[in-house]
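Encoded as structure tokens, the structure appears first; notes follow it.
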Amino acid sequence: MKTSRLNRVAWIFIALIVTAGVAVSSNIFDGKGRNNTLQATCINSISGLSEYQKDRIIAMETQNQSAMNDLWEKQHAASGKTEKDEIKKQMDKQVLNHGNAIKTLLSADQQKQYILLQLNGDNQNHQAKKQGNGKGKGNGSGQGRGKGMGHQSRF
Numbered sequence: 064m065k066t067s068r069l070n071r072v073a074w075i076f077i078a079l080i081v082t083a084g085v086a087v088s089s090n091i092f093d094g095k096g097r098n099n100t101l102q103a104t105c106i107n108s109i110s111g112l113s114e115y116q117k118d119r120i121i122a123m124e125t126q127n128q129s130a131m132n133d134l135w136e137k138q139h140a141a142s143g144k145t146e147k148d149e150i151k152k153q154m155d156k157q158v159l160n161h162g163n164a165i166k167t168l169l170s171a172d173q174q175k176q177y178i179l180l181q182l183n184g185d186n187q188n189h190q191a192k193k194q195g196n197g198k199g200k201g202n203g204s205g206q207g208r209g210k211g212m213g214h215q216s217r218f
């Protein structure tokens with residue numbers, strides 16, 4: 064009787080471990096801790112896209128994400144600041160080229176929608192970062208930097 068309970072508890076424990084492992088590993092497609100699925104795509108936000116346009120945009124998004132992942136790895140492996148800055152410039156150029164390539168597939172009206180989507184998306188991200196969640200506590204009357212940090216007067 065006691066052995067069967069122990070076996071049952073052991074099997075439940077193993078099942079929980081396997082379930083947790085599968086849940087964690089299902090979010091790691093490239094084996095490096097990053098999910099390589101498309102984070103956001105414009106195909107659901109732009110009206111009147113043909114199937115050809117949708118297919119091409121998805122292919123371009125996949126290629127762009129792969130290129131950005133490669134550049135990200137290079138940047139994090141780089142040791143010098145100038146080397147990292149150069150890779151950052153390559154990343155910025157990749158983003159610009161990707162946006163321009165998508166625009167070439169779109170009609171004039173769709174290009175306007177795409178540009179607005181990019182502007183509004185960036186604006187919403189910045190707003191979310193600025194606003195926070197409003198759950199901060201305290202009145203802000205802490206010690207600050209302390210003595211010897213360059214400011215001799217108190218405010």
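Under the working numbering, the first residue of the sequence shown carries the number 64, and numbering increases by one thereafter. Backbone N, C-alpha and C define an ideal beta-carbon position, used for all residues, glycine too. The structure displayed is predicted, hence computed values, not measured ones.
- Item | Delimiting residues of the alpha helix (DSSP H) encompassing G162 | Counted as a single uninterrupted DSSP element, the alpha helix (DSSP H) harbouring G162 occupies residues 144 to 168.
Taking the alpha-carbon positions, what's the Y177 to I121 distance?
-> 15 Å
For I165, count the other beta carbons within 10 Å of its own beta carbon; 16 or more makes it buried, fewer makes it exposed. Which is it? buried
- In three-state terms, what does DSSP make of I80? helix
Next on the checklist: Quick check on the DSSP output: the alpha helix (DSSP H) that includes L112 runs from which residue to which?
Outcome noted: Where L112 is concerned, there is no enclosing alpha helix (DSSP H), given that its DSSP letter is neither H nor E.
If you draw a straight line from the alpha carbon of T125 to that of G111, how long is it in whole angstroms?
-> 22 Å
Exercise. Return the Cβ separation of L168 and Q116 in integer angstroms, given the expectation that the two are a contact with Cβ distance under 8 Å.
Key: 5 Å
**Prompt:** Whose CA, out of C105, A140, I75, lies closest to the CA of L179?
**Reply:** Comparing alpha carbon positions, the residue from C105, A140, I75 closest to L179 is C105.
> What separation, rounded to the nearest whole angstrom, lies between the Cα atoms of V158 and A83?
Replying inline: If you take the alpha carbons of V158 and A83, they lie about 36 Å apart.
Exercise. Go ahead and pull the three-state DSSP assignment for I106.
Key: Three-state result, I106: coil.
Discussion item. Spatial neighbours of K147 within its chain, please: C-beta separation below 7 Å, excluding the five flanking residues on both sides.
Written reply: Q138, A141
One question on the structure: do I150 and L134 come within less than 8 Å of each other, judged by their Cβ atoms?
Closer than 8 Å, so yes.
Nearest-angstrom Cα separation, counted from K152 out to T145: 11 Å
### Task
Return yes when the Cβ of M154 is within less than 8 Å of the Cβ of M131, no when it is not.
yes
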